[in-house]
Amino acid sequence: MVGQQPPELPDDERGRASSPPVSDHRPPHGAPHDIFFAAVKTTRMPMIVTDPHQPDNPIIFCNDAFTFMTGYREEEILGSNCRFLQGPETDPEAINQVRSAIAKQEEASVEVLNYRKNGSTFWNALFVSPVFDENGQLLYYFGSQLDISRRREAEEALHEAQKMEAVGKLTGGIAHDFNNLLQVILGYVDMLEARLPADDRSGRRAVEAIATSAARGATLTQQLLAFARKQELRDRLLNFNQLIDGFRPIIDRTAGDGVEVVRKLDDHLWNCRIDPVQAEMALLNIVANARDATGGKGRITIRTHNMVLPQDDPAVGQKIDAGEYAVVTISDDGPGIDTAIVDKVFDPFFTTKEMGKGTGLGLAMVYGFMRQSGGLATVRNGGEGGHGACFSLWFPRATGTMPQRAPALTKPNEGGRERVLMVEDQIEVGELGREMLRDLGYEVSLVSSGRAALELLKSDADYRLLFTDILMPGGMNGVALANAVRRDYPHTAVLLTTGYADEAIDEGARSYELIRKPYRRNELNERIRQVLDKPGART
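In terms of the numbering used here, the sequence shown has 130 at position 120, counting the first letter as 1, and numbering is strictly consecutive.
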């Protein structure tokens with residue numbers, strides 16, 4: 011039934027099966043055979059019969075279900091070996107199993123990727139069995155088939171979900187503590203740098219090296235959280251055209267002087283609701299990969315357009331919902347992606363770059379961010395002009411108009427020592443935060459739990475700001491504490507912080523400002539001033 015391995019397909023034939031020669035073979039006549047073939051002919055399961063006594067074990071019978079599944083007509087099938095269903099991505103090991111069973115006149119059951127006449131692929135659950143006469147002599151080989159593509163897609167989706175869950179548990183378990191450690195390192199780096207003499211070059215180089223390494227560790231942790239879809243997203247309504255225009259200098263700088271960045275933006279692009287910081291990171295990661303693919307010399311094209319994904323699209327239900335999407339594509343004119351690895355580029359820690367030049371988390375972060383945003387990231391070969399790789403980001407369309415945002419006030423603390431109540435269960439982080447806030451000119455009270463904070467507020471409620479971690483022991487997390495303070499002490503503003511936001515970040519937490527750990531001294535001051543100086547805050 012299987013015969014020899016299929017020959018290497020020429021370039022213009024890859025991805026589709028070749029048509030078998032026409033034959034007018036028919037099954038033998040006779041009452042028992044007629045009943046058997048008549049029954050097989052009418053069943054809904056695709057079935058074939060081959061004759062091992064003829065050269066190349068040709069198909070001598072197929073039913074209507076088989077012709078429907080493969081797209082070939084009966085006269086195109088009969089007389090051919092069933093290898094015509096094979097293609098470049100068919101697993102040779104599965105074919106070898108069938109070939110070995112036929113040689114031994116035994117049954118075989120495999121799942122194999124086959125090709126229809128139109129070149130599309132489907133997963134085929136193939137069962138092959140020899141048919142013997144009453145004397146034990148081999149007569150035919152009977153093959154039943156079943157298109158299991160949807161089952162395989164469901165299994166792959168389940169595997170993907172399990173992988174996400176495993177990575178999520180791993181990253182969630184370490185991210186909070188790891189970011190607390192990085193917070194201590196970066197915080198004291200900022201304080202030390204402020205105290206170093208201007209002429210102490212060696213000391214400043216050492217401090218800068220420490221800060222750079224710690225910042226890389228923070229970026230890796232954030233990328234892992236993004237891939238595992240465990241990051242906290244601060245989404246807002248925006249138009250991606252405006253994000254690309256506003257981000258133009260950084261995009262050009264990331265692409266490099268030798269790369270031309272072409273923007274083809276749809277003037278009528280739909281709005282979407284996403285985290286702009288994470289969207290910018292995703293865009294930069296793809297641009298950086300495109301730059302590396304072109305060797306620093308070539309063209310990168312960023313295009314935006316609207317797309318309506320119909321309900322009957324093959325991706326709907328398995329990877330993305332039907333609906334309206336604002337699509338951003340980033341393509342390059344490089345060599346493209348090897349077809350053997352194109353399905354792996356979004357996997358964590360997978361990289362084709364030299365050792366030390368890539369972590370394999372950039373595109374993984376992009377994929378995780380898009381899935382968490384309700385969209386999808388895809389990649390294919392064939393960018394602008396049919397060359398290079400093309401990445402597409404599918405953002406669900408959002409309704410509404412974009413509000414005008416007032417410029418943030420970031421002035422330093424002036425006019426007295428404003429009082430801050432800081433809540434942090436990690437001693438080292440708490441002591442660092444207290445010193446940073448005092449250095450910025452605030453009067454600070456530090457407690458280690460939410461309940462301790464509420465007890466303190468009962469006796470002294472005159473605090474301008476509650477600055478609290480989210481994940482804390484003792485039965486009250488930072489969100490619950492913030493809700494209690496907002497209810498009982500509405501004159502006290504709230505700023506949340508966390509190194510890992512998961513279940514504790516619910517819809518209620520979105521009404522509070524948040525600063526992610528590890529934060530820097532200037533970033534903390536800016537965020538505090540945004541909270542305290544915004545319209546409506548206590549003066």
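Beta carbons are placed, not taken as given, at the ideal position from N, Cα and C, and that holds for glycine.
One or two residues paired with residue i in a DSSP bridge
i      : result
Asp479 : Thr507
Gly146 : Answer is none; Gly146 lacks a bridge partner.
Val318 : Glu334
Ile310 : Val271 and Asp342
Asp4   : Past the boundaries of the shown model lies residue 4; the chain is included only from 11 to 549, so the question cannot be answered.
Tyr125 : Thr131
Glu290 : Answer by DSSP bridge pairing: none, since Glu290 is not bridged.
Tyr151 : Thr60 and Pro140
Arg283 : Leu247
Phe71  : Val59
Boundaries (first-last residue) of the alpha helix (DSSP H) holding residue i
i      : result
Ile347 : First-last for Ile347: undefined, no H or E at that position.
Lys544 : Run containing Lys544: none; DSSP gives neither H nor E here.
Pro259 : Arg258 to Ala265
Arg246 : It is not in any alpha helix (DSSP H) - Arg246 instead sits in the beta strand (DSSP E) that spans Arg246 to Leu248.
Arg461 : Gly460 to Ser469
Phe78  : Asp74 to Thr80
Leu442 : Ile437 to Asp449
Ala207 : Here residue 207 turns out to be Pro, not Ala, going by the sequence shown. Unbroken run through Pro207: none, as it is neither H nor E.
Val108 : Pro102 to Ala113
Glu116 : Looking at the DSSP string, Glu116 is not in any alpha helix (DSSP H), and its letter there is neither H nor E.
Residue range of the unbroken beta strand (DSSP E) whose run includes residue i
i      : result
Arg497 : From DSSP, Arg497 is part of no beta strand (DSSP E) but of the alpha helix (DSSP H) over Gly488 to Asp498.
Glu523 : Glu523 to Arg526
Val389 : Leu386 to Asn391
Pro432 : Here residue 432 turns out to be Met, not Pro, going by the sequence shown. From DSSP, the beta strand (DSSP E) with Met432 extends over Arg429 to Val433.
Val59  : Met57 to Thr60
Glu84  : Where Glu84 is concerned, there is no enclosing beta strand (DSSP E), although the alpha helix (DSSP H) it sits in stretches over Glu84 to Ile87.
Pro406 : Ala399 to Pro406
Leu456 : Glu453 to Val457
Environment of residue i [buried if 16+ CB atoms lie within 10 Å]
i      : result
Leu168 : exposed
Ala350 : exposed
Arg474 : buried
Phe188 : buried
Leu542 : buried
Lys307 : exposed
Ser521 : exposed
Pro259 : exposed
Pro483 : exposed
Arg537 : buried
Glu144 : exposed
Gly153 : buried
Ile94  : In the sequence as presented, Ile is not what sits at residue 94; that position holds Phe. Looking at its Cβ environment, which holds 16 or more other Cβ atoms inside 10 Å, Phe94 is buried.
Gly8   : With the chain covering only 11 through 549, there is no way to say anything about residue 8.
Leu491 : buried
Ala48  : exposed
Whole-number beta carbon distance between residue j and residue i, since they are thought to touch under 8 angstroms
i      : j      : result
Gly197 : Leu442 : 4 angstroms
Asp342 : Gly398 : 4 angstroms
Val271 : Ile310 : 5 angstroms
Ile296 : Phe401 : 5 angstroms
Thr60  : Tyr151 : 5 angstroms
Leu373 : Asn487 : Not confirmed; about 33 angstroms, so no contact.
Glu445 : Glu428 : Actually they are not in contact, since the Cβ atoms of Glu445 and Glu428 sit about 16 angstroms apart, beyond 8 angstroms.
Thr339 : Arg313 : 5 angstroms
Asp357 : Asn316 : Wrong, their Cβ atoms sit about 30 angstroms apart, outside the cutoff.
Gln193 : Val489 : Contact flag wrong, Cβ pair sits at about 19 angstroms.
Gln155 : Pro56  : 4 angstroms
Val269 : Thr222 : Not confirmed; about 25 angstroms, so no contact.
Contact test: residue i Cβ vs the ligand COA heavy atom, cutoff 7 angstroms
i     : result
Phe71 : The ligand COA is not among the ligands present in this structure, which contains no ligands whatsoever.
Exercise. Decide yes or no for the touch test of the region 373–392 against the region 328–338: beta carbon pairs closer than 8 angstroms, at least 3 of them.
Key: yes
Practice problem: Count the C-beta pairs between the region 462–472 and the region 219–226 that are closer than 8 angstroms, then say yes if the count reaches three, no if not. | Solution: no
Practice problem: Mind the definition here: the region 454–463 touches the region 427–437 only if three or more C-beta pairs lie below 8 angstroms; say whether that holds. | Solution: yes
Exercise. Please confirm if the region 110–121 is in contact with the region 137–150, defined as three or more CB-CB distances below 8 angstroms between the two stretches.
Key: yes
Practice problem: Decide yes or no for the touch test of the region 99–109 against the region 65–81: beta carbon pairs closer than 8 angstroms, at least 3 of them. | Solution: no
Quiz item: Pairing CB atoms from the region 209–221 with CB atoms from the region 255–265, are three or more of them under 8 angstroms?
Solution: no
Exercise. Report yes or no: do three or more beta-carbon pairs, one from the region 472–490 and one from the region 500–508, lie closer than 8 angstroms?
Key: yes
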